[in-house]
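Participant: Chains as they are written, first to last, in the numbering used here: chain A, 931 to 1252; chain B, 105 to 651; chain C, -3 to 317.
To start, I am sharing the structure in question, which I have written as structure tokens.
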Amino acid sequence: MTETPAIRRERDEPSAAVPAAATAVAGGELGGGAAASLWRDAWGDLWRRPIFWLAMAIMLVMSLMAAFPGLFTSREANDRCDVQFAKRPPASWNPFSGADHPFGTDVHGCDYWAQVVHGTRAPIVIGFAVTALSLLIAVTLGSLSGHYGGWLDALISRITDVFFGLPLLLGALVVLTAFPAHGIGAVVLALGLFWWTSMTRLMRGQVIAVRDADYVQAARMLGAGDVRIMVRHILPNAIAPVFVFATLNVGVVIGSESTLDFLGVGLQYPSVSWGLQLREAQNIFVDYPYLLAYPAIFLTATVLSFLLLGDAVRDALDPRLR
Amino acid sequence: MTELARRTPWAAGLAVLVLTVPACSGGGDGDGDGNKGDGKPKTFTVANQEPTHLAPGAANDSYSIHVVNALFDRLTKINSAGKVVNEQAASITSTDQKKWTIKVKPGLTFHNGEPVTAQSYVDAWNTAAYGPNGWENNYYFGNIKGYDALNPEDPDGDEGPKKAPKPKTDKLSGLKVVDGQTFEVTLTGSFSQFPLTLAFTGFAPMPKGAAADLKAFDQRPIGTGPFMLTGSGWEHNKQITLKKFAGYKGGRPAHADGMTFKIYASRDTAYTDLVAGRVDILETIPPAKISEAKRLLGDRFVATPSGTMDYLEFPLYDKRFRNRDLRYAISMAINRQAIVETVFNNAFNPTGSIVSPIVPGYRPNACGTPCTYLPRHAKDYFDKAGGFSGTLELWFSNADPSYEQWMTDVANQLKQNLGINDVKFRKIPVADYLSNLSDHKATGPYRANWVMDYPSAENYLTTRCGDANRMSYDGEACMDLVTKGNRADSIEESVRFYQRAEQTLLKDLPATPLWNWQNQQGYSKRVGNVRFDPYENSAHYDQVTVK
Amino acid sequence: MWRYAVRRVLQMVPVLLGTTLFIYVLVFALPGDPIRALAGEKPLPDSVYQALRDHYHLDDPLLVQYGRYVFGVLFRGDFGETFNGQSVGQLIADSWTVTAQLAATAWLFELVVGMSLGVWAGLSAARRGGRGGGTRRGGFADAAVLGGTTVAIAIPSFVLAYSAQLVFGLKLGWFPTAGTDAGWPMSYLLPGMVVAAAELGYVARLTRTSLVENMRADYVRTAVSKGLPRHRVVVRHTLRNSLIPVVTYLGTQIGYFMAGSIIVEGIFNLPGIGHEIWLALQIKEGPTIVGIVTFLVLVYLFANLVVDLLYGVLDPRIRYD
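Given below as structure tokens:
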């Protein structure tokens, strides 16, 4: 249940816990030019950090595996599995020792290396899809709420509260148990349904801050319409921190997805994912530890890469250091 | 988190029989008498999960039945050879297998001292058969005359706005008290297996006062068995404490002073506690732990044959599955042996028969070639059937992770051996699974499980051949033979008809047998004389001694 | 402040109603029939089926059912009944103590270990903070704490739980592997650590950042230049102010711990709230699911309210109106 508190702790009053990047860029009084230079400075800082490059390297490998599993294994997913050859441990702990099954075989007699490689795609696709979906909801609702205020704001805020009170995993669990159609789409919807709330609050806060900025007031006085102000002035300035926040939390979504798989309410055959592999390993890992270890390492590395990237970006963007 | 459905363990399909029968020994063969000694009461603990009901007429899951079995004696019991013998009945006789005369032994009492009479049985059966009471064992009384009057049908089906009318009577017309200890039962048709069915806990008697407050009776039943509830009784989700019934005069007196059912949320924890010596008896060791249990418990690990079967049933209402060659192909493409080895640690037995080995008339692999793993032949049948179009969806419930595990193996084998590449799973929440099947919503082969009610082939065959079968299988030929078996004068003769019925069913193969379960049980060093037999899913609690 | 509290409580009402309605609809309005499942593989005659449906009021229109439910909860404290005739209120009361003990263990663990790590790392960073910028990496302690806790966050909690169970429970035998037999704290230490592990990093980091920032604040510089001893400055001035965001964070964690225990309670077989809701979900036991979710949301909202009020107590700059 790795759920980033960044999401939970975000509150009406921006606290120190909100990613520094978010508050920093939003700042309100910062115009477009200031924000741009902030990002340029951040990049200048980032590329000198080894942690940043480590995170990027892991992400690159995982993305390649997700997009082109054929580069890593000649087998398809669930290819040539025979239960008669199940649970054969790897010949050695060194996967490059040239054995037939470098990671051994799983409980169904599938080549575990191939299955772990194919298990990359689903979590990564779901991680980004849920993030995109939540961003869409958050930007729409947050802008409406922040820009118009009044009863619309009250309504959206209360709806947000309703979903905010339900923890991501519990909510997704209830929804997925109720609708037992377990494809990638269903998992994305279930997670997305509970993932947008903090971003919406953040977005709303940003819009309110930017709305009152001098340059927006100026534009309004010059006669710009609602839509124009929104699209040209408010959105570009308000969206950046929300976007950064969302991207850095992709790892959390991936962790939640694997937890749902593990609980048996997420993806299912013929889908292949690390969470499913961990689920199958749970009862027999005492005798077959490698079944637990390999997918756990891949999953941890992926989530870790997002956390490290988040750390690096947060540090680089922190204006209090300048 | 393997055992998920604590409150519907029967649906979770644990390795247990729904039918539990009283202990078979007449007592006195125990090698120790637990209640004498240093004065401290000698009690033992049994791992159980939270029961749903304790009233015999309502208790239909194995965890409830474990407890009911300790609390109640019934008219008959099934001995370790699978033969029916009298328990509280002095005699059960019939000339036409339709009208039965039952004499209850005199001198037996309930835990409150009230005598057990013919009326006690008639009251209990009327209560369970009366639909509005909502007792789950209601359907077992369906072949007693007058049942329909107590259970009027919903005039427009489940979906319609009208509700079933309230029954005009609450007494089964087929039950008649002749004198204090004698009553007559009239069935709707001849049924030679009737005395067998009476061993089921659902047919246990009920004391006079119980009808006034059924809910109280369900929570604190007053029984007739070797053990009775103590003052603290059923502490939900925690334990059920029983003590020896001092006034017991039946055939299975308790050796220990008392027993406690400790309630576990999962059988994995229960197993951990058994190994650690924190609980004395566990009747459901998880299949994944079997090799470890053999190693750790030694001869305190006991495996007994079971009546429970797993099948793969085909939805014949979907015309793709009406082709028998396709069903043969799928059946022959499944490597039952390999699955049993990997998933169940060889604890289950691959099978090609509809009935379990513990049922009279069982023949090993009655099915023959169509239920044997022959990938080449399977492919031939598959091609002959013209292949398969569309997505092959495999249905099962989420009650236990092992279902998904073996279904994945089946899917891989169908892919490998038949070349069906588009296989998908429909994993249904256990609460919805069976209604999906009976409503004919399954769009592909589905996991079917049968827990034996009483050791007769009839119990397996009627469900699959009868009009109400879920597969839309036209089982008229099979059912004719079953009916002939029901009417037959001797067990031997009925068995011959049942075997022919099984043969007919297997030739059409609307359902292919997969494996027969075994019960895996274990006990601690504290207790002795722990006996299990195939017709009993719980240990013979009465005979258990405490060291 | 009281007016603020009352207003917040009033705001909770629509949120609570919305949440329960949402869950209620989700659980009750969907196809599928828990009553039929009660009969297992055996047929359930119409009459029995109808009697049970009536008992659980499953045939009333949804809003009527929901209305009856809310009415029962509000005016009779009645959360409904499980399928084995137990009151859901009682079930929650029984299981909540288990979850509360687990949450308390995890919370204490986070408070003590997390904040200690954070202070350690923070002081280490601040010491080297002279050049380059204060919240940058500094010192071995800083790197070790950040690195270690980040990895702990990245490992899925169920992997952590199984590994801990295997190593500390089974192999080393330091803790019971499962169950609550050993009582508090023994039975709860291992699961408590697992729950806390995922959050430890955030507490440590928050403490560290907050501390470092405060150490660079003008009032601290003033204090130091006035000649006050360094440790006194840290203890008297910085720590208190640094802890405000940490307290806020830990407060919101209470709600999370209550809900976040599904997996850990399952693996360690603790019969708490998370375990009960998981079991209820499997068999679609509506009253239990809705009851527990309502309870969790209440705890969550209440914890937030307390935190906000506490926030004002700790930070005099915040005023409620």
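Even for Gly, the Cβ is constructed at its ideal location relative to N, Cα and C.
Figure out for me which residue from C:GLY73, C:TYR0, C:HIS53 and C:VAL94 has the closest Cα to the Cα of ILE269 (chain C).
Facilitator: Nearest of C:GLY73, C:TYR0, C:HIS53 and C:VAL94 to ILE269 (chain C), Cα basis: C:VAL94.
Participant: If distances are taken between C-alpha atoms only, which option among C:ILE263, C:VAL231 and C:ALA219 comes closest to ALA160 (chain C)?
Facilitator: The option with the nearest alpha carbon to ALA160 (chain C) is C:ILE263.
Participant: Just the C-alpha distance for VAL84 (chain C) and GLU281 (chain C), rounded to the nearest angstrom, thanks.
Facilitator: Their backbone Cα atoms lie some 10 angstroms apart in a straight line.
Participant: Looking only at C-alpha atoms, which of B:VAL444, B:ARG424, B:LYS423 and B:PHE418 sits nearest to SER91 (chain B)?
Facilitator: Lying before the first or after the last residue shown, residue 91 (chain B) is absent from chain B, which here runs from 105 to 651.
Participant: Unbroken alpha helix (DSSP H) runs of length 4 or more, entirely within the region 76 to 131 of chain C: which are they?
Facilitator: Fully enclosed alpha helix (DSSP H) runs of 4 or longer: 84 to 105 and 111 to 123.
Participant: Please confirm if THR376 (chain B) has its CB atom under 8 angstroms from at least one CB of chain C.
Facilitator: Answer yes: the Cβ-Cβ gap between THR376 (chain B) and chain C drops below 8 angstroms somewhere.
Participant: What are the residues that DSSP puts in a beta bridge with GLY626 (chain B)?
Facilitator: Per DSSP, B:LEU386 and B:PHE405.
Participant: Report the start-end ranges of each beta strand (DSSP E) in the region 187 to 253 of chain B that is 3 residues or longer and not cut off at the edges.
Facilitator: The region 187 to 253 of chain B contains these whole beta strand (DSSP E) runs: 188 to 190, 193 to 198 and 203 to 208.
Participant: Should the region 1154 to 1174 of chain A be called in touch with the region 1219 to 1238 of chain A, which here means at least 3 C-beta pairs below 8 angstroms?
Facilitator: As far as the Cβ criterion goes, the region 1154 to 1174 of chain A does not touch the region 1219 to 1238 of chain A, which means the pair count is below three.
Participant: Check the Cβ of SER1073 (chain A) against every Cβ in chain C and list those closer than 9 angstroms, keeping chain order.
Facilitator: None at all; the shortest Cβ gap to chain C is about 22 angstroms.
Participant: Drop a sphere of 10 angstroms on the beta-carbon of PRO949 (chain A), count the other beta-carbons inside from all chains shown, and report buried for 16 or more, exposed for fewer.
Facilitator: With a pLDDT of 40 at PRO949 (chain A), under the threshold of 50, the predicted position of this residue should be treated as unreliable, though the coordinate-derived value follows. Under this definition PRO949 (chain A) is a buried residue.
Participant: Pick helix, strand or coil for LEU1229 (chain A), following the three-state DSSP scheme.
Facilitator: Reduced to three states, the DSSP call for LEU1229 (chain A) is helix.
Participant: Since ILE279 (chain C) and ALA374 (chain B) should fall inside the 8 angstroms C-beta cutoff, what is the C-beta to C-beta distance between them, to a whole number of angstroms?
Facilitator: Actually they are not in contact, since the Cβ atoms of ILE279 (chain C) and ALA374 (chain B) sit about 19 angstroms apart, beyond 8 angstroms.
Participant: Show which residues of chain A have a CB atom less than 9 angstroms away from the CB atom of PRO505 (chain B).
Facilitator: Neighbours of PRO505 (chain B) on chain A, chain order: GLY1194, ARG1209, GLU1210, GLN1212 and ASN1213.
Participant: Could you pull out every unbroken alpha helix (DSSP H) segment of at least 4 residues lying fully inside the region 406 to 452 of chain B, listed in chain order?
Facilitator: Counting whole runs of 4 or more residues, the region 406 to 452 of chain B contains the alpha helix (DSSP H) stretches 428 to 437 and 440 to 447.
Participant: Who are GLY632 (chain B)'s beta bridge partners in DSSP?
Facilitator: Note: GLY632 (chain B) sits in a beta bridge opposite B:THR649.
Participant: Is TRP229 (chain B) near the ligand MN, judged by its Cβ being under 7 angstroms from some heavy atom?
Facilitator: Absent from the structure shown: the ligand MN. Ligands present: none.
Participant: Taking only beta-carbon positions, decide if GLN278 (chain C) is within less than 8 angstroms of chain B.
Facilitator: Output row for GLN278 (chain C): interface = yes.
Participant: Which term fits MET182 (chain C), buried or exposed, when burial requires 16 or more other beta carbons within 10 angstroms of its beta carbon?
Facilitator: Exposed.
Participant: Could you name the residues of the same chain whose beta carbon sits closer than 7 angstroms to that of ALA192 (chain C), not counting the 5 residues immediately before and after it, in chain order?
Facilitator: Within the same chain, ALA192 (chain C) has close Cβ partners ALA102, PHE105 and GLU106.
Participant: With HIS1038 (chain A) and THR512 (chain B) assumed to form a contact (beta carbons below 8 angstroms), what rounded beta-carbon distance in angstroms separates them?
Facilitator: Right, their Cβ atoms sit about 5 angstroms apart.
Participant: Buried or exposed: where does TYR52 (chain C) fall if 16 or more other Cβ atoms within 10 Å of its Cβ makes it buried?
Facilitator: TYR52 (chain C) comes out buried.
Participant: Name the DSSP beta bridge partners of PHE148 (chain B), please?
Facilitator: In DSSP, PHE148 (chain B) forms a bridge with B:MET363.
Participant: Between VAL23 (chain C) and ASP1142 (chain A), what straight-line distance do the alpha-carbon atoms span, to the nearest angstrom?
Facilitator: In a straight line, the C-alpha of VAL23 (chain C) is about 44 angstroms away from that of ASP1142 (chain A).
Participant: Going by C-alpha distance, which of B:PRO219, B:GLU240 and B:ASN453 is nearest SER168 (chain B)?
Facilitator: Closest option to SER168 (chain B), Cα to Cα, is B:GLU240.
Participant: Can you pull the DSSP bridge partners for SER501 (chain B)?
Facilitator: Looking at the DSSP assignment, SER501 (chain B) forms a beta bridge with B:ILE532.
Participant: Measuring straight from C-alpha to C-alpha, what distance separates LEU613 (chain B) and ASN563 (chain B)?
Facilitator: If I take the Cα positions, the gap works out to 18 angstroms.
Participant: I believe ILE981 (chain A) touches LEU1238 (chain A) by the beta-carbon criterion, under 8 angstroms. Please report the beta-carbon distance rounded to the nearest angstrom.
Facilitator: Yes, they are in contact, since the Cβ atoms of ILE981 (chain A) and LEU1238 (chain A) sit about 5 angstroms apart, within 8 angstroms.
Participant: Is there at least one Cβ from chain A nearer than 8 angstroms to THR446 (chain B)'s Cβ?
Facilitator: THR446 (chain B) counts as touching chain A.
Participant: Three-state secondary structure (DSSP) at GLN46 (chain C)?
Facilitator: Of the three classes helix, strand and coil, the one that applies to GLN46 (chain C) here is helix, per DSSP.
Participant: Any idea if VAL286 (chain C) is buried or exposed, counting beta-carbon neighbours within 10 angstroms, 16 or more meaning buried?
Facilitator: It is buried - the Cβ of VAL286 (chain C) has at least 16 other Cβ atoms within 10 Å.
Participant: Can you give the Cα-Cα distance for LEU277 (chain C) and PHE79 (chain C), rounded to whole angstroms?
Facilitator: For LEU277 (chain C) and PHE79 (chain C), the distance between alpha carbons rounds to 13 angstroms.
Participant: Could you check where the beta strand (DSSP E) with GLY337 (chain B) kicks off and where it finishes?
Facilitator: Residues 331 to 339.
Participant: Quick one: complete alpha helix (DSSP H) runs, 4+ long, within the region 189 to 277 of chain C?
Facilitator: Runs found: 214 to 221, 235 to 255 and 258 to 263.
Participant: State yes or no: is the C-beta of GLU191 (chain B) within less than 8 angstroms of the C-beta of PRO311 (chain B)?
Facilitator: Contact flag unset, no.
Participant: If you reduce the DSSP assignment to three classes, tell me which class ASN173 (chain B) lands in.
Facilitator: Residue state, collapsed to three classes: helix.
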